[in-house]
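4 protein chains.
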Amino acid sequence: MNAAIIGATGYGGAELLRLLKNHPVIKVHSVHSSSQQGKELSESYPHLQQHPYTLEDINPDRLAEEVDLVFTATPSGVSSKVVPQLLEAGCKVVDLSGDFRLLNTGDYEKWYKKEAAPLQWLENAVYGLTEWVNREKLQNTQLVANPGCYPTATLLGLAPLVKNSLVDPKSIIVDAKSAVSGAGRTPNLVTHFAEMNDNFKIYKVNQHQHIPEIEQVLKEWNEAVETITFSTHLVPMTRGIMATIYANVKEGILASEIRKAFEKSYKDSYFVRLRKEGEYPSTKEVYGSNYCDLSFSFDERTGRLTVVSVIDNLVKGAAGQAIQNVNVMLGLDEKTGLEFIPVYP
Amino acid sequence: MNAAIIGATGYGGAELLRLLKNHPVIKVHSVHSSSQQGKELSESYPHLQQHPYTLEDINPDRLAEEVDLVFTATPSGVSSKVVPQLLEAGCKVVDLSGDFRLLNTGDYEKWYKKEAAPLQWLENAVYGLTEWVNREKLQNTQLVANPGCYPTATLLGLAPLVKNSLVDPKSIIVDAKSAVSGAGRTPNLVTHFAEMNDNFKIYKVNQHQHIPEIEQVLKEWNEAVETITFSTHLVPMTRGIMATIYANVKEGILASEIRKAFEKSYKDSYFVRLRKEGEYPSTKEVYGSNYCDLSFSFDERTGRLTVVSVIDNLVKGAAGQAIQNVNVMLGLDEKTGLEFIPVYP
Amino acid sequence: MNAAIIGATGYGGAELLRLLKNHPVIKVHSVHSSSQQGKELSESYPHLQQHPYTLEDINPDRLAEEVDLVFTATPSGVSSKVVPQLLEAGCKVVDLSGDFRLLNTGDYEKWYKKEAAPLQWLENAVYGLTEWVNREKLQNTQLVANPGCYPTATLLGLAPLVKNSLVDPKSIIVDAKSAVSGAGRTPNLVTHFAEMNDNFKIYKVNQHQHIPEIEQVLKEWNEAVETITFSTHLVPMTRGIMATIYANVKEGILASEIRKAFEKSYKDSYFVRLRKEGEYPSTKEVYGSNYCDLSFSFDERTGRLTVVSVIDNLVKGAAGQAIQNVNVMLGLDEKTGLEFIPVYP
Amino acid sequence: MNAAIIGATGYGGAELLRLLKNHPVIKVHSVHSSSQQGKELSESYPHLQQHPYTLEDINPDRLAEEVDLVFTATPSGVSSKVVPQLLEAGCKVVDLSGDFRLLNTGDYEKWYKKEAAPLQWLENAVYGLTEWVNREKLQNTQLVANPGCYPTATLLGLAPLVKNSLVDPKSIIVDAKSAVSGAGRTPNLVTHFAEMNDNFKIYKVNQHQHIPEIEQVLKEWNEAVETITFSTHLVPMTRGIMATIYANVKEGILASEIRKAFEKSYKDSYFVRLRKEGEYPSTKEVYGSNYCDLSFSFDERTGRLTVVSVIDNLVKGAAGQAIQNVNVMLGLDEKTGLEFIPVYP
């Protein structure tokens, strides 16, 4: 099974290469870039010494012939242009950008401030939150919209609550914190080391483009959900996301029912690790792995629930989940090639 | 004006020394420790080369004679024992621990899991959130309970809202993030560098001892407040706290009214810097200084307000506010000796 | 092929578990601790959720029966006691401590300030710097002394120069910098986060116990070497070592000869990556992998050579090289189970 | 006494503002920029809220009239153009760039790869390593070339040895490590947070432009010095430089003589703190202050000396030393306005 990676010079693309190195079925056939064809990838990424990849141009027809699958790790606004060409040429695509996640083009244009992808392809995309996706649909689609990093952490934490109507749907607040690699590889002042080190920042307050993505899925799960409050912060670290999630528990719901809902939701999900009561995950405990660790605390004083969800933003939040989706598409065990123990410390 | 520092081997005590170095009125007369008398402070803190301080024992009667004021930067559970002796000997005391902040001894014992200080002294303590304290009372008290680091950031962010009844008192959620120096100088696994670097942790979920302190003040300001939800996280950085505060705005309240309430609240407060609309502070922007920077965003989609409050946990959250309180006690300008520009970058 | 890990609660032991997770031949049969038997390893290391290991006591006879190999990741001073018991019971042992590296017991006692291991076992140990070891000896030994982290980086950088007599043997200076995980998992003030973050420290100046280890090997390679100068520093990061090595090039030696010596030395060494001229490795470029990246610059102004050598201290500097040694012992390709692309960023 | 700052948008300029805030004699009259006139400085540096400075253009004649002194914190290649105009208009100038440090224009052009400043002004510049400058000359010059950050740390460490001929002048090797703020405020991939965090890099091997600056001063002190080996590394931290310096001690020189030379050299130098035997400074111990902390170890095994020198690159390595020089020029105590206790932790 051959795969191509488009956008291999970004962190998401480089992480796909790292994770696929030892995958028993999926092989990286070629890497592509719209602007750097002919260049060795190891010039951009010296850690890839001995792993020679020459960047090639993007030729949809040739790709359709040569590979079984294309990962597009291109930025939002680029995928919307590149992916339709690939699809029309007949490629199967897993897109890591935000361009095929929102069904409503008006939402996309409002939050991304860019032109939306063609509606026909939006309607065909399957949103690949692997633990909750319809696996049959996933196996039959030509296009997977791989979830965003923040939505992955948030939705895995909220699913048992929202699907089972355990919390007040109007009360959901998500305070999310991300490592700086989430901001990509293009240098700018916000992510300049001397500005970001020993610093903690909040950004895009009430304006993050992952808000409509999360709301869309929550509404699909439970139509009582309308809006959520969602904040994003930058932590002076390289990898990891923690979403601290707050919601009012509905009258009469017991802590034990909440635990049961979590346990039942994830009893067959290898990559979701429900932590025992009173133990909370830190981001490093999933570093470099495809795990999402979850825990929660029900505060009887306030009637409010606090859920903690951590992932590695580049793995479960991007490249790892993309591979997990492909595993399912191929009918493989979803764990195939992804059973890494986190890098600790 | 002579001051003594008890507990100078902790970070709070060392910060008092740094800040008082150039204070035009308050001079550090002596430093004290219950366990390390006779030792040079520069053995513990080599950055104090050329600033010779020999640690002395704690003799309340001698202190009452020799100094005008004692800062107790001792841990909770120690202050409750040491401070009453100092008070009885006639000393004026500014206590940086949590031991004299909670009026209700039952609350103290529940949250701190230690024996409370004697009620008579609790009743005489003035809670020194300088911007909101009754300054006359502060000038006449023998004992100042210096606020905690988290409560300082949180209360300065909430005061305009709670005092003016602009938000639903049942809806308050505070997601707080602290630098690691807040955990003190005693080594342990949680704050071991290899465990904490490139990591983000949540701790004491719904159990932090600053919860009753915040609630007590909020209730005093507005009796409609009962409980709040308050979470604490550790950020891999040395100094700084950010409190991200959420509350539902009351029906009919406009964003402009909220801004006016903030502006009016802090128009005479040199150390509170209200940032302009759409601009949010990061922790580094107050590093090493006594400032609290505030901003907020009212989200009309959700009807919810997000307030951002940052301080340096060791300055405005501890030693700086203690000095600010003493300035007021002495009838000086509150800024005296505290007009530092933040250390940036 | 079954292996046991003694000392699994330290960073070296935990890293063995991580790396062996996907090893096709070596399986971790059991983990052992002298002090925490009965405890789940995931209590110490929550990142090991779903990887259940119960710590067992250390029973040499049972180990000799049940496993083919024992990794001892115990501290110096402990291995010298435990390993002889294992050897006498018949186990094959790869020891990650410093206890079996120095042939001269006097040297050990002088530099380690502890009692040396029994001479009989010291004489039987094979020093496992895999790229330069006598592979036949390695395959036939009962005991491998796995090299120290600093010596690995240093010796791989110096080997081509010292073996080929290209530099003045009296002129060697090694300025080494290590991540903080090298200091182990026991909390102390030096590695307390608030003390180590945003800080750079030098330690054990001219007294590091890896000095005699490096000198012993260099002398074995070239008897003209007597002493070297070797300094160690702590970098505020989690993983990685850089050794910056200085030496005077012998009269008449050309830069091209030096390059040839490096190329020839490592042409068959998969894990040593000689970087191209003018390109220097940073530690992150080998993070989480078993690579050692090397580069050098010959300065004609001064006649001096600067060699740069980087490794991940926990992989090539400890657990990774231990597995590489076992691969060779078993007659496997040395790369088996170790072909990880570095975790970047 | 009024001063102007040209280049206030860089880190050096911002640090001048911070340090001068409480200077009793020197007042910042105006701040200037060639490209951002009219802009508020607090737009670039939000930590300067309440410290309003509007960036003005650079008008040499008006500056000559309005201020007593100009600090030029402009980059190399810019100072060489701006400073002569200021000097011709009659301004006194302290230049923080490298443009007026090298007497030999050929050296400048070789190492900086830019056009040198006019020779007439180079000859009039006084190199302001305050501890060793001819103070009479400093008081009478119109132009101070403020030393580079690396040269300051290196030269203060080497002065007692080189001036007293205690070491072999051909044997000097300096392994220097710098915080990332030394690379300035312009974002690029090297200093991008996700690339630099948890990473340690070497750069400009044998090519750093501070090499000829150090050699020039050493030769002036002792003509036997010809070349030195000097390496530069980036540490994942915000502020601080450590220079680890190696040299062969001359035959017959005793450790006690070396100590005496250090003691004598710096007995009247408030900002140089010679640490006691066996104690070595870390960079954080001078953070935010104008101190240079020194220590050394003489290794009798090798006959080699290791000197450790630490500074804050933005203070003693830039803005602090510039102010120290102005204090001397004005006939003030060199400490005036600079007696900060380091920010610790």
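Residue numbers (full-length UniProt numbering), protein chains in the order written: chain A, 1 to 345; chain B, 1 to 345; chain C, 1 to 345; chain D, 1 to 345. Positions of the beta carbon are idealized from the N, C-alpha and C atoms, including for glycine.
- Shortest Cα-Cα distance from Y45 of chain B to any of D:K177, D:Y280, D:K92 and D:G98 involves D:Y280.
- By the 16-neighbour rule on beta-carbons within 10 angstroms, D312 of chain D is buried.
- For S35 of chain C, not one C-beta of chain B is nearer than 7 Å to its own C-beta.
- Around L17 of chain D, the beta-carbon contacts reaching into chain B at under 8 Å are I341.
- Under a criterion of Cβ atoms nearer than 7 Å, the residues of chain D adjacent to T238 of chain B are, in order, P345.
- In the three-state reduction of the DSSP assignment, F262 of chain A falls in the helix class.
- Under the three-state reduction of DSSP output, T141 of chain D falls in the coil class, being neither helix nor strand.
- Separation of A319 of chain A and Y11 of chain A (C-alpha to C-alpha, rounded to the nearest whole angstrom) is 9 Å.
- D61 of chain A sits in a helix when the DSSP states are folded into three classes.
- Counting along the chain, K219 of chain A sits inside the alpha helix (DSSP H) bounded by residues H210 to W221.
- In this structure, D:H51 is the residue among D:H51, D:A14 and D:K21 with its C-alpha nearest to the C-alpha of Y270 of chain B.
- For H29 of chain A against V67 of chain A, the beta-carbon gap comes to about 5 Å, under 8 Å, which counts as contact.
- Following the DSSP letters along the chain, one finds F298 of chain B inside the beta strand (DSSP E) bounded by residues C292 to D299.
- Residue range I173 to S178 is occupied by the beta strand (DSSP E) that includes D175 of chain A, with no alpha helix (DSSP H) assigned at that position.
- Using a Cβ-Cβ cut-off of 7 Å, F193 of chain A counts as an interface residue toward chain D, since at least one Cβ of chain D sits closer than that to its own.
- What A14 of chain A touches in chain C, judged by beta-carbon distance under 7 Å, is Y344, going in chain order.
- D57 of chain D sits exposed, since fewer than 16 C-beta atoms from the chains shown fall within 10 Å of its C-beta.
- Considering only beta carbons, the part of the stretch 180-210 of chain D lying closer than 7 Å to chain C consists of A194, E195, D198, N199, F200, K201, I202, V205 and N206, in chain order.
- Secondary structure at E334 of chain C: coil, using DSSP grouped into helix, strand and coil.
- In this structure, the CA atom of E226 of chain C is about 13 Å from the CA atom of E300 of chain D.
- When beta bridges are read from the DSSP output, F230 of chain D appears opposite D:V174.
- For G288 of chain B, the nearest beta carbon of chain D is closer than 7 Å to its own beta carbon.
- Look at the beta carbons and you see the stretch 288-297 of chain A not touching the stretch 110-124 of chain A: under three pairs across the two are nearer than 8 Å.
- With a threshold of 7 Å between beta carbons, E285 of chain A makes contact with chain C.
- Where D107 of chain B is concerned, the enclosing alpha helix (DSSP H) starts and stops at T105 to Y112.
- Between V326 of chain D and M242 of chain D, the CB-CB gap reaches or exceeds 7 Å.
- Annotation for N2 of chain A: K27, H29, V67 and D68 place their beta carbon closer than 6 Å to its own, counting only its chain and skipping 5 residues before and after.
- DSSP, reduced to helix, strand and coil, places T72 of chain D within a strand of the structure shown.
- Per DSSP, N197 of chain B has no beta bridge partner at all.
- A buried status is given to S265 of chain B, since no fewer than 16 other beta-carbon atoms sit within 10 Å of its beta-carbon.
- Taking C-beta atoms under 8 Å as the contact rule, S256 of chain A and R275 of chain A fail to qualify, at a distance of about 16 Å.
- Distance between L314 of chain D and E15 of chain D, taken at the CA atoms: about 7 Å.
- In this structure, DSSP gives Y344 of chain A a state outside helix and strand, which the three-state scheme calls coil.
- Of the other Cβ atoms in all chains shown, 16 or more fall within 10 Å of the Cβ of Q209 of chain C; this residue is therefore buried.
- Beta-bridge pairing by DSSP links H23 of chain B to no other residue.
- Y203 of chain A has A:T232 as its beta-bridge partners, per DSSP.
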